[in-house]
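Heads up, the thing below is written out as structure tokens.
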Amino acid sequence: MDAYDALPFPRTDVAMNTLHFVRGIEDPAIFNHSMRTYLYGRFLGEQQGLQPDRDYDDELLFLGCLLHDSGLSPEGNGDQRFDLDGADLATRFLTEQGVSPERVEVVWDAIALHLHYEIAMRKRPEIALVTAGAGLDLGDDNPPVLPAGYADRVHAVLPRLHAAAVLHDTIVSQALDKPHKAPPFSMPGELVRQQTQGTWPTWKQLMTQPYGWNDYAGYDDHQPKP
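Each step along the sequence shown adds one to the number in full-length UniProt numbering, with nothing skipped, and position 23 is 23.
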């Protein structure tokens with residue numbers, strides 16, 4: 001771990017065990033992204049006046065960041081969207097580590113909500129800063145000004161390794177193998193649609209699938225003509 005000595009992250013037994021676990025199952029590009037997510041999330045918290053272990057639980061933030069893309073690993077690749085698969089893998093792993101159910105629930109929420117910015121940002125810092133940190137690492141629409149040389153120092157220890165491209169290809173590869181992992185109108189679904197040039201069903205088509213309630217039967221006949 002000498003390469004990470006200069007990085008400010010918690011060194012508790014659970015934190016270190018999780019670091020070793022995630023590094024062993026994830027593509028290096030995704031692992032480095034997860035570590036940077038924590039560093040950027042912590043930085044963004046400081047910009048808001050939030051101090052680790054005063055205003056939020058630093059270990060929980062670290063665990064959520066490290067595990068937030070674990071659903072993109074072979075071990076985490078289940079039958080749900082990758083964010084939910086990762087949340088469930090985190091639950092299993094942290095429970096085996098003896099983490100209390102209350103703390104595991106915070107990590108589960110942080111991972112499961114990290115694709116839902118507007119919701120995550122209304123939650124406690126241990127959840128919100130996972131989403132914020134991941135967004136900054138992948139290209140925030142309105143990024144803050146980082147201190148001079150900060151990103152260079154982070155990338156020297158945690159090189160990008162084509163992170164955005166690797167994340168995209170891993171999400172799409174999982175979904176092409178298991179299409180139910182990329183439902184219409186979800187982020188994975190949109191990436192698959194872009195890759196395959198496929199089309200999504202319309203609202204009306206979705207509402208007239210098997211077990212629909214025939215809400216459109218005769219409806220169009222009673223609507224005003226343009």
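Positions of the beta carbon are idealized from the N, C-alpha and C atoms, including for glycine.
- Secondary structure in the segment 118–169: the alpha helix (DSSP H) runs of 4 residues or longer, each lying completely within the stretch, are 125–138 and 150–157 in chain order.
- Here V154 is near R36, since their CB atoms are less than 8 Å apart.
- It is roughly 30 Å from the alpha-carbon of R42 to the alpha-carbon of Q174.
- The beta carbon of I171 sits closer than 7 Å to the beta carbons of L72, F82, P188 and L191 from its chain, once the five residues preceding and following it are set aside; these are given in chain order.
- Taking L60 as the centre and dropping the five residues before and after it, the same chain places the C-beta of R103, V106, V107 and E126 closer than 7 Å to its C-beta, in chain order.
- Relative to the Cα of L84, the nearest Cα in the group F93, Q97, D69 and G98 belongs to D69.
- Excluding sequence positions up to five before and after D57, its CB lies within less than 7 Å of the CB of E126, all in the same chain and listed in chain order.
- In terms of CA proximity to H162, D137 leads the group K181, H180, Q80 and D137.
- At a Cβ-Cβ threshold of 8 Å, L89 and G98 do not count as neighbours.
- Apart from sequence neighbours up to five positions away, the residues of its chain that approach G139 with a beta-carbon distance below 8 Å are A164, ordered along the chain.
- The three-state secondary structure of P74, taken from DSSP, is coil.
- By a beta-carbon distance limit of 8 Å, V14 does not contact L67. Their separation comes to about 11 Å.
- If you draw a straight line from the Cα of R160 to the Cα of A29, it is about 6 Å long.
- Ranking L146, L94, Y38 and D220 by CA distance to the CA of T18 puts L94 first.
- Inter-residue distance for G218 and P201 is about 20 Å (C-alpha atoms, whole angstroms).
- Across the set L115, P179, G49 and D141, the C-alpha of P179 shows the shortest separation from the C-alpha of G198.
- Here H33 is buried. Its C-beta has 16 or more other C-beta atoms within 10 Å.
- The Cβ neighbour count for G49, taken over all protein chains shown within 10 Å, is under 16; the residue is labelled exposed.
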